[in-house]
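Written below as structure tokens is the structure these notes are about.
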Amino acid sequence: MTKIAIIEDDSAIHQMYRMKFESEGFDVQLAADGRTGVALVKNFKPDLVLLDLQMPEVDGLSALKEIRGSDWGKFVPVIILTNLGEEESPKELKQYDISGYIVKADLTPRQVVARVKEVLGVA
454 MTKIAIIEDD
464 SAIHQMYRMK
474 FESEGFDVQL
484 AADGRTGVAL
494 VKNFKPDLVL
504 LDLQMPEVDG
514 LSALKEIRGS
524 DWGKFVPVII
534 LTNLGEEESP
544 KELKQYDISG
554 YIVKADLTPR
564 QVVARVKEVL
574 GVA
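Take 454 as the starting number for the sequence shown in the numbering used here and just add one per residue.
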């Protein structure tokens, strides 16, 4: 089963995505802040991470730096899932090899699942 980690501080949003991904056959784990998200990724070892940028405690960019700093996390696909437009996001984000950038307000959960499947190369 394909494993997805969703690191998102808005509980309504992460529950909505969890339900959609689980209905599509994914194994989903959630974290509500960057610190918990980094620990989740290290323990769960997901096939892909959906990562919000604006979160309490540890923001998405800091979490991404930590994930990329571990041997396993260097290569896991990470899709940024945020309400910040790309022009508003931190410029250094691009140096951390992200697999996609999704503005939550622009895509339905179904479209987000389709984008994840595309990145993972699954039908």
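We treat Cβ as the ideally placed atom computed from N, Cα and C, and that holds for glycine. Only a predicted model underlies this, so the values are computations on that prediction, with no experimental measurement involved.
Through-space distance from residue j to residue i, alpha-carbon basis
i, j, result
"Arg488", "Gln507", "13 Å"
"Ser542", "Gly513", "10 Å"
"Trp525", "Ile457", "15 Å"
"Glu571", "Pro530", "11 Å"
"Leu504", "Leu534", "5 Å"
"Leu573", "Phe474", "13 Å"
"Arg521", "Thr455", "20 Å"
"Ser523", "Leu560", "31 Å"
"Leu501", "Ile532", "8 Å"
"Asp463", "Leu537", "14 Å"
"Ala492", "Met469", "22 Å"
"Asn496", "Val565", "24 Å"
Exposure label - residue i; buried when at least 16 CB within 10 Å
i, result
"Ala465", "exposed"
"Gly478", "exposed"
"Gly490", "buried"
"Lys557", "buried"
"Ala576", "exposed"
"Ala516", "buried"
Assumed close pair residue i, residue j - CB separation to whole angstroms, cut-off 8 Å
i, j, result
"Ile555", "Arg568", "6 Å"
Residue j beta carbon less than 8 Å from that of residue i
i, j, result
"Tyr549", "Lys498", "no"
Beta-carbon proximity list for residue i, same chain, < 7 Å, skipping 5 on both sides
i, result
"Val510", "The question names Val, but residue 510 is Glu in the sequence shown. Contacts found: Asp486, Gly487, Arg488."
"Leu483", "Ile459, His467, Arg471"
Sequence-distant residues of the same chain with beta carbon closer than 6 Å to residue i, five excluded per side
i, result
"Asp480", "Met454, Lys456"
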